[in-house]
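Colleague: Quick one: the structure is below, and I'll ask about it shortly.
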Amino acid sequence: MSRSPYENLCKNAFWRSGVSTKDPFSIEGLYRRKFKILRKDRIATAGSCFAQHIARHLKERKFNVLQYEAAPRGMSADVAAKYSFGVYSCRYANIYTTAQLYQLAREAFGDFSPAEPVWEKDGRYYDAQRPSVEPYGYASAKDVMTARKKHLEKVKAMLLDMDVFVFTFGLTEAWIHTESETVYPTAPGTIAGSYDPEIYSFKNYSYNEVLKSFNKFLRYIRRARNHRLRVITTVSPVPLTATASSLHVLSASSYSKSVLRAVCGSLEGQHSRLDYYPSYELITAGFTKGIFFETNLRSVTSQGVANAMRIFLSEHDPQGNENPKSAPPNFPENTTQGAMLEDDIQCEEILLEAFNK
Amino acid sequence: MSRSPYENLCKNAFWRSGVSTKDPFSIEGLYRRKFKILRKDRIATAGSCFAQHIARHLKERKFNVLQYEAAPRGMSADVAAKYSFGVYSCRYANIYTTAQLYQLAREAFGDFSPAEPVWEKDGRYYDAQRPSVEPYGYASAKDVMTARKKHLEKVKAMLLDMDVFVFTFGLTEAWIHTESETVYPTAPGTIAGSYDPEIYSFKNYSYNEVLKSFNKFLRYIRRARNHRLRVITTVSPVPLTATASSLHVLSASSYSKSVLRAVCGSLEGQHSRLDYYPSYELITAGFTKGIFFETNLRSVTSQGVANAMRIFLSEHDPQGNENPKSAPPNFPENTTQGAMLEDDIQCEEILLEAFNK
Amino acid sequence: MKTKSICVVGNSHISALKGGWDLIKDEHPQQQVTFFGGLKKSLMNLDNIDGKLGLHNAEDAEFFKKISGTDDFLNPDQYDVFLLTGMGLYPNAIINNYWNYATPSTKNSVSAEYFISDEAYADMFWQEVSEGMMLHVARIIRKVTKKNIYISWQPFLSEQLFQIPWRAKLFEPILINDDYVFIHHNMQIISQKLKDEGFDVLMQPAESIFKKIMTKKCYSTGSMLLRPEFNQEHKELDVFHMNAEYGRLCWQMWDLR
Amino acid sequence: MKTKSICVVGNSHISALKGGWDLIKDEHPQQQVTFFGGLKKSLMNLDNIDGKLGLHNAEDAEFFKKISGTDDFLNPDQYDVFLLTGMGLYPNAIINNYWNYATPSTKNSVSAEYFISDEAYADMFWQEVSEGMMLHVARIIRKVTKKNIYISWQPFLSEQLFQIPWRAKLFEPILINDDYVFIHHNMQIISQKLKDEGFDVLMQPAESIFKKIMTKKCYSTGSMLLRPEFNQEHKELDVFHMNAEYGRLCWQMWDLR
């Protein structure tokens, strides 16, 4: 019988020895992997903007990051990024909410059809589920649906094949088709579509909704898969560009991120093969004094990302090359590899800023 | 039909205009009160350490902060603080979890009796539900129970009388009596008691547990009360001193605080007479660059508290005196008023640091 | 009393000792007693000024010099022993709170609203004493001399306090519960702390005590104001100050070495 | 052709124009043609060096001067018109991806794995061209002269590409689906952008084209390496370079003013 249950805890269980006396670059043991990721493991990535960094760093370390919708051969990094090629394992662009993730999986397996799947703008037609991937849209709704059909085949293949799924939780705020509860990654009218309050409504997903959607997603794909899945979750440290919650954006961000972080904590406890990687706290915690944010106090600096990834990779690739040779900037041979530039992260959400007048 | 639902939002809905271009001292509109608090309203305060600041600032502004267990006449501020007088409206010391709050209410009304109510240490006896209020304990368990009975009468009166309840959510981690689920504010063995894993166990309350306990508390006291209650919730920005979760303390803190913030967001949406005051994000958000934390990266500076309270009081007491005359440091006439010194906050939780060896 | 030269320091309470000394000084020609005093809280500022103890404030300094008859500050070399009186060394904190704050040692836990530890009382009392005027003066003197310093408890309030309703309300429950022990015990704790710090402690003469926690009326009636120019009694219901008889009793009972 | 002095600039592809000019230059005594060239990607570094256009790298500069026969850098004042050839202006990006990336304009959406927008193709193609060697050279020349600059499309690959299985695999679906229009359309988009930038654009002579998107074998067989000292043909299955006959055809069809 010990006097206090805190007597035999390690140094990292105490704020003073675990945090106060460390700096964000020397903090140790913040993350202990639950399971191994091998270089041959097929890794799929999805989620909000911040997930793009993880994908890029894993690729640089030569992990087997799946690419089911690569950029056309010879497409430059700039153009590939503009058309959302090479950002994630499929060309779904950012998936901000777990509701959208679950919806996408059901759609890929033919169990769901989104309402209002095509949004129009200035005579062009956009995939409402990923309006940013084709910045000029298509000439017809039919073209959008053809592209989506091809896309969903790839998503399905990815969901079936992947050994490791890396997902970054991004937002709780979303816009839905009120009647069907179809969720969209952007508000109608941001990239395409037009906001009709009779058709669309604002949704701020609660803790339970976020949690349930993710668990439903896991259960749903498990039925179709024949091998075990490991999952790595993270929470995007990037605050909201704008909120429709009627709260101040600082408070709305705090709420959203808290819900997501709480959900990840819960998921981590529920699933033995689901790991939470704490890049969120490493970048946002008060003890970092904001050094990992750009002057807009929103974007994460490349140093912040590098530091977060260093800690992740120190667990999953401790022998890895810290500074792999990067491809020359011109004449990209394999544009899929080179498509993601360090500071060139795709965020549809930032487009909301255009409405700040 | 507007093009985008973000077109007509105000500046505070956008990160750039609401946050990036502000500093933590000039941020506006972060908090808009849901209801008024008048100087005559009977205000009761409870919660984790940070709630003490709110109580003190309200008292300084001459709000009617209830005091049901004042310090004896002539007790100096130092001694009053040592014995937890004048910290909250009753002498319950810090109430870190909503489970404990709900349990206390039931106990006050005679519907609950805690298991293992008295903890021993070195031949002295302590109230397991508030071991810090008597630092030397009592000579017998009977004395502890006599003191507790008197205390509970006051708690009951407070719960019945108060018009406004200010509660600061502090922790999700707690220690419970395994069989009865009696929750304690400290781990056995921290201040008193001794840790026996056969009797006590660690509990990290989930989002749903935290939320439910608080809602149960509200429903429970409503039955006994005959006038409406307004509630102000806040989340303590102070990270954990130590965690028993097996996570790194930074990650454990991030999880705990996220759960609490998410719960407050949910409560705020559920109850028209419950307001959330966002001091948590104002002090912890990345955009503050950690300026509101002391060098231990844990304690909040008095400037941080003052800034948070300034924004709170600008809504509830815009005409108030910003710099009320403070009592002279010697010969305190009314020690209850003077009991709380700016940097002299009572935190049993910090005692865990003693086990960091 | 075998000492040659006694220095008495105190606030208004030195008046009783001064009056008492006047009554008996002819019987003790070998003894010399000098009284230094300050009104209200002025001795809180007693300080070492060029080797003598005095006050910086001009008015207080003037009074301090004048009342002593030396027309000077207190020169510690000139005295064999020091006797400190009054200056708030009184169980105020205990008596004032007893009626509403019970402890495990008291018998009023049913009637009192609150129940707190004996330690809380003791801490409160000691904090008051250790930050009070008596101990300030005692410590200032100790810094300049190794001679004996006697600290005397301020007398209990006069039994006439029962003519003041709010004071009666504070004392009645103590009497009803026969809880004088609680008061005495707390005073003993303080006395011990003072002794631990190297002071001698003088208790109120037993003959003057009424019902364990008050002073007999005959020792309070006709107490004189300290200001010698007034030569005037305290107001009728002053229950704090004692008369010259009380002073004489003290001189008789206290053994200053 | 009425121009007096023509300056041809290009990579290995100038070989065909040079061979062609040799065949017809006697018929055009009033014309003078000077050929400037660089191997591989060297013209990517063409620069204005003291008013003349040349290369900083010693080896590249030497070749550039030598092949022109002027033994000097390109002095823009000495020419009436500029003809740019080869240098990667070819619908590589379109042809290479067609088999697996359909668009609303193509007819292969059933067989292709991917379906993307025509704009993605156009952006990719223009990005390649605008960052490519041809436009670099054209822009460098434009900076020093207002004279006409003719940009000629690099010829389509020789029909012999069908002897190379992986190339055949890229071309077959285009032929099967009769989707040459998609290639031409994308080339037109680029041509228009080049015209918008102030250049004249020369298309491959129609007589030399096989099945809309290749070059007839008779124009590719026996193409010569650029290095004059080698006086040697390209390797047998070179499908990029054209022979002197192709060069002659170009000189006949193109109207340089």
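Protein chains in written order, with my numbering: chain A, 1 to 357; chain B, 358 to 714; chain C, 715 to 971; chain D, 972 to 1228. Built from N, CA and C at the ideal position, the CB exists for glycine as well.
Report back the beta-carbon spacing between L240/A and L171/A to the nearest angstrom; my notes put them in contact at under 8 Å.
Modeller: Within the first sequence, numbered from 1, the residue matching residue 240/A stands at position 240. Within the first sequence, numbered from 1, the residue matching residue 171/A stands at position 171. Right, the Cβ-Cβ distance comes to about 7 Å (below 8 Å), so this counts as a contact.
Colleague: Would V521/B and R587/B qualify as a contact pair, given that the criterion is a beta-carbon distance under 8 Å?
Modeller: The residue labelled residue 521/B in the question sits at position 164 within the second sequence. The residue labelled residue 587/B in the question sits at position 230 within the second sequence. Yes, these two residues count as a Cβ contact at 8 Å.
Colleague: Please classify A412/B as buried or exposed, where buried requires at least 16 other C-beta atoms within 10 Å of its C-beta.
Modeller: Your numbering for residue 412/B matches position 55 in the second sequence. Buried is the call here.
Colleague: For Y493/B, go through chain C and note every residue whose CB falls closer than 7 Å to its CB, in chain order.
Modeller: Here the question's residue 493/B lines up with position 136 in the second sequence. Simply S831 and E833.
Colleague: Is D761/C close to chain B, meaning its C-beta is less than 8 Å from at least one C-beta of that chain?
Modeller: Translated into the one-based positions of the third sequence, residue 761/C becomes position 47. No, D761/C does not count as interfacial toward chain B.
Colleague: Looking at chain C, is there any beta carbon in it that lies within less than 8 Å of the beta carbon of G431/B?
Modeller: Your numbering for residue 431/B matches position 74 in the second sequence. Closer than 8 Å: yes.
Colleague: With the cut-off set at 8 Å, would you say A403/B and S433/B are in Cβ contact?
Modeller: On the second sequence, residue 403/B is found 46 positions in, with the first residue counted as 1. On the second sequence, residue 433/B is found 76 positions in, with the first residue counted as 1. Contact flag unset, no.
Colleague: For W119/A, which residues from the same chain have a beta carbon less than 7 Å from its beta carbon, with the 5 sequence-adjacent residues on both sides left out?
Modeller: Within the first sequence, the letter at position 119 stands for residue 119/A. Contacts found: Y126, A128, P131, P188, A192 and G193.
Colleague: Give a yes or no on contact between the stretch 632-650 of chain B and the stretch 374-391 of chain B, applying the rule of three or more CB pairs nearer than 8 Å.
Modeller: With the cut-off at 8 Å, the stretch 632-650 of chain B and the stretch 374-391 of chain B touch.
Colleague: Between R481/B, V501/B, E473/B and R582/B, which lies nearest to M515/B when the distance is taken from Cα to Cα?
Modeller: As a position in the second sequence, residue 515/B is number 158, starting the count at 1. Answer by Cα proximity: R582/B.
Colleague: Beta strand (DSSP E) containing D23/A: first to last residue?
Modeller: Mapped onto the first sequence, residue 23/A falls at position 23. It is not in any beta strand (DSSP E) - D23/A carries neither H nor E in the DSSP assignment.
Colleague: How many Å lie between F650/B and I291/A at the Cα?
Modeller: Locating residue 650/B in the second sequence gives position 293, counting from the first residue. Locating residue 291/A in the first sequence gives position 291, counting from the first residue. Rounded to the nearest angstrom, the two C-alpha atoms are 15 Å apart.
Colleague: Which runs of the beta strand (DSSP E) at least 3 residues long sit entirely within the stretch 493-558 of chain B? Give them in chain order.
Modeller: Those beta strand (DSSP E) runs which fall completely within the stretch 493-558 of chain B and span 3+ residues are 521-526 and 530-534.
Colleague: Of all Cβ atoms in chain A, is any one closer than 8 Å to the Cβ of M358/B?
Modeller: The sequence position of residue 358/B within the second sequence is 1, counting from 1. Low confidence applies here, because M358/B scores a pLDDT of 48, under 50, leaving its location unreliable and the question unanswered by this model.
Colleague: Following a CB-centred definition, is D41/A positioned closer than 7 Å to any heavy atom of the ligand ADP?
Modeller: The model on display carries no ligand, and the ligand ADP is accordingly not part of it.
Colleague: Can you tell me whether V606/B is helix, strand or coil according to DSSP?
Modeller: Locating residue 606/B in the second sequence gives position 249, where the first residue counts as 1. Here V606/B sits in helix by DSSP.
Colleague: Give me the Cα-Cα distance between I394/B and G936/C, rounded to the nearest whole angstrom.
Modeller: One-based indexing of the second sequence puts residue 394/B at position 37. One-based indexing of the third sequence puts residue 936/C at position 222. Going from the Cα of I394/B to the Cα of G936/C covers about 56 Å.
Colleague: Going along chain B, which residues have a C-beta under 9 Å from T284/A?
Modeller: Counting from one through the first sequence, the residue named residue 284/A turns up at place 284. Within chain B, the residues near T284/A are S611, T641, A642 and G643.
Colleague: At a Cβ cut of 8 Å, what residues of the stretch 6-27 of chain A count as close to chain B, listed as they run along the chain?
Modeller: Answer in chain order: Y6, E7, L9, K11, N12, A13, F14, W15, R16, S17, G18, V19, S20 and I27.
Colleague: Between E510/B, F571/B and V523/B, which has its C-alpha nearest L458/B's C-alpha?
Modeller: Translated into the one-based positions of the second sequence, residue 458/B becomes position 101. Among E510/B, F571/B and V523/B, the Cα nearest to that of L458/B belongs to F571/B.
Colleague: Tell me, which residues are paired with A958/C by DSSP?
Modeller: Here residue 958/C is taken as the residue at index 244 of the third sequence, counted from 1. Answer is none; A958/C lacks a bridge partner.
Colleague: Per DSSP, what kind of secondary structure is D1094/D in: helix, strand or coil?
Modeller: Locating residue 1094/D in the fourth sequence gives position 123, counting from the first residue. Helix at D1094/D.
Colleague: Residues of chain C with CB under 7 Å from D500/B, in chain order?
Modeller: Locating residue 500/B in the second sequence gives position 143, counting from the first residue. Residues of chain C passing the Cβ test: P818.
Colleague: Quick one, which of L1106/D, K1011/D, L1165/D and Y1085/D has its alpha-carbon nearest L1197/D's?
Modeller: In the fourth sequence, the residue the question calls residue 1197/D occupies position 226. Residue K1011/D is the option with its Cα nearest to L1197/D.
Colleague: Near P681/B, which residues of its chain fall below 8 Å by C-beta distance, leaving aside the five closest residues on each side in sequence?
Modeller: For the purposes of this step, residue 681/B is taken as the residue at position 324 of the second sequence. Only weak support exists for where P681/B lies, its pLDDT of 45 falling under 50; the value from the coordinates is given anyway. So the qualifying residues of the chain are E417, R418 and K419.
Colleague: Between K975/D and the rest of its own chain, which residues show a CB-CB distance below 6 Å, the 5 nearest in sequence each way excluded?
Modeller: Sequence index remark: in the fourth sequence, residue 975/D carries index 4 (1-based). Hits under 6 Å: D1051.
Colleague: Are the stretch 559-571 of chain B and the stretch 270-286 of chain A touching, with three or more C-beta to C-beta distances below 8 Å?
Modeller: Taking 8 Å as the limit for Cβ pairs, the verdict is that the stretch 270-286 of chain A does not touch the stretch 559-571 of chain B.
Colleague: Between which residues of its own chain and W992/D is the CB-CB distance below 7 Å, once the five residues before and five after are set aside?
Modeller: Residue numbering aside, residue 992/D sits at position 21 when the fourth sequence is read from its first letter. Excluding sequence neighbours, W992/D sits near V1004, G1218 and W1222.
Colleague: Whole-angstrom Cβ separation of T178/A and I199/A, contact assumed at under 8 Å?
Modeller: Taking the first sequence and counting its residues from 1, the one referred to as residue 178/A is at position 178. Taking the first sequence and counting its residues from 1, the one referred to as residue 199/A is at position 199. That pair is a contact at about 7 Å.
Colleague: Is it right to say I763/C is buried, meaning 16 or more other beta carbons lie within 10 angstroms of its own, or is it exposed?
Modeller: Here residue 763/C refers to the residue found at position 49 when the third sequence is read from its first residue. With fewer than 16 other Cβ atoms within 10 Å, it is exposed.
Colleague: How long is the line joining the alpha carbons of F870/C and Q918/C, rounded to whole angstroms?
Modeller: As a first step, residue 870/C must be located in the third sequence, where it is residue number 156. As a first step, residue 918/C must be located in the third sequence, where it is residue number 204. Looking at the two C-alpha atoms, the distance is approximately 8 Å.
Colleague: Which residues does DSSP list as the beta-bridge partners of F1053/D?
Modeller: Reading the fourth sequence from its first residue, position 82 is the one you call residue 1053/D. DSSP, once it has assigned bridges, lists C978/D and I1120/D as partnering F1053/D.
Colleague: Rounding to the nearest angstrom, what Cα-Cα distance links R16/A and V595/B in this structure?
Modeller: As a working mapping, residue 16/A is identified with position 16 in the first sequence. As a working mapping, residue 595/B is identified with position 238 in the second sequence. So the two alpha carbons sit approximately 13 Å from each other.
Colleague: Just to confirm the assignment, what range does the alpha helix (DSSP H) spanning E473/B have?
Modeller: Residue mapping note: residue 473/B aligns to position 116 of the second sequence, counting from 1. Unbroken run through E473/B: none, as it is neither H nor E.
Colleague: For the stretch 86-109 of chain A, list every residue whose C-beta sits within 7 Å of some C-beta in chain D, in sequence order.
Modeller: Answer set for the stretch 86-109 of chain A: empty.
Colleague: Contact between the stretch 807-819 of chain C and the stretch 781-792 of chain C is defined here as three or more beta-carbon pairs at a separation below 8 Å; is this criterion met?
Modeller: No: the two stretches stay apart, fewer than three of their Cβ pairs being nearer than 8 Å.
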